[in-house]
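**Q** Residue numbers for the sequence shown follow the numbering used here, beginning at 175 and rising by one. Please see the structure below; I have some questions.
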Amino acid sequence: MDKASGLGLSVIILAVISAILMSGAAPGIFVSIPSLLIVVGGTFGAVMFSYRINNFFQGLSNIRLAFSNKQPNLFETLDQLIELSEIARKKGVLALEDKQLDDEYLQKGVNLLLDGHDTQTIEFAFNREILQTRQRNNQSIKVLNSFTELAPAMGMAGTLIGLVAMLVAMDDPKSIGPSMSVALLTTLYGALLANAFTGPLANKLGERADEIKQHMMLVRDGVLHISNGDNPKLIIEMLASYLGENIDSPVNEKPSNN
């Protein structure tokens with residue numbers, strides 16, 4: 175799991191539990207099955223109602239990327255592209271057949287080169303995959319944002335349900351407390367679900383989507399340069415902007431992360 179995601183979730187859970195314990199009330203009173211049903215069940219159903227079923231579940235399944243600890247290393251990718259370009263210029267594109275790459279996307283680019291496709295075909299194939307990947311990630315972000323928008327609303331609906339139940343049973347003092355508890359806890363659950371989980375999760379997935387897109391675009395442009403037979407030094411100059419800084423030294427001299 176991504177360290178920031180794991181640490182962030184731990185801090186949220188610890189903060190909430192600590193606040194409950196420090197309140198002096200019994201922790202059990204903060205657990206309400208009716209409130210959970212209203213907020214979690216209601217929000218889940220409302221979000222599902224907002225999308226086609228395939229888009230909904232595809233969006234949920236792609237959320238795993240937000241917890242992935244795997245981050246594209248653009249410096250290593252550029253290193254590999256330069257190495258491939260040198261081999262292609264010296265020995266020909268077919269010499270790349272001996273290279274086995276761990277980067278799945280870069281390997282697809284090499285396969286396109288080996289198959290003898292022209293530059294336009296390669297660019298079209300890359301652009302299509304970048305677009306499809308971006309659409310999948312954006313779908314997940316949309317689904318999460320829908321949870322963030324609807325969870326507080328379902329919490330408010332649960333609050334109204336609890337208040338109505340309380341008002342109807344005003345002549346029975348014993349029922350006022352439980353009804354009021356449902357009213358307040360649904361608001362609490364809705365706020366926590368939206369602001370402590372789905373909202374931050376959508377932000378993290380957006381960050382991951384940008385990292386993936388940048389990596390895919392770097393590979394695309396590098397493979398296109400190799401297809402054109404460009405000089406490795408030119409490739410470094412043209413692709414340096416993806417790394418966020420100017421590169422005056424050889425590409426394999428990576429700067430420190432500190």
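Idealized CB from N, CA, C, for every residue including glycine. Just so you know, these numbers come straight off a predicted model, no measurement behind them.
(1) Name the two residues that bound the continuous alpha helix (DSSP H) containing T217.
(2) Is the beta carbon of Q313 less than 8 angstroms from the beta carbon of N377?
(3) Drop a sphere of 10 angstroms on the beta-carbon of L367, count the other beta-carbons inside from all chains shown, and report buried for 16 or more, exposed for fewer.
(4) Could you check which residue in Q306, I191, G198, I212 has the C-alpha nearest to that of G329?
(5) How should I237 be labelled, buried or exposed, when 16 other C-beta atoms within 10 angstroms of its C-beta is the threshold for buried?
(6) Run through DSSP, which three-state label would G266 get?
(7) Can you give the beta carbon distance from G119 to P374, rounded, assuming they're within the 8 angstroms contact cut?
(8) On a Cα-Cα basis, can you pick out the residue from Y416, S415, L417, V393 that is closest to S259?
(9) Is H291 helix, strand or coil when you go by DSSP?
(10) Where do the ends of the alpha helix (DSSP H) carrying Q232 lie?
(11) Just verifying my parser: in three-state terms, what is the DSSP assignment at K428?
(12) Touching or not, the region 354-373 and the region 308-322, by the rule of three or more beta carbon pairs under 8 angstroms?
(13) Report all residues from its chain with a CB closer than 6 angstroms to the CB of K348; omit the five preceding and five following residues, and keep chain order.
(14) Should L280 and Q388 be called a contact, given that it needs their Cβ atoms to be closer than 8 angstroms?
**A** Walking through what the data contain:
(1) 216-224
(2) no
(3) buried
(4) I212
(5) buried
(6) coil
(7) Only positions 175 to 432 of the chain appear in the structure, and residue 119 is not among them; the question remains open.
(8) V393
(9) coil
(10) 227-235
(11) Per-residue confidence for K428 stands at a pLDDT of 45, beneath the threshold of 50, marking its modelled position as unreliable; the derived number appears in the next sentence. Coil, per DSSP.
(12) yes
(13) none
(14) no
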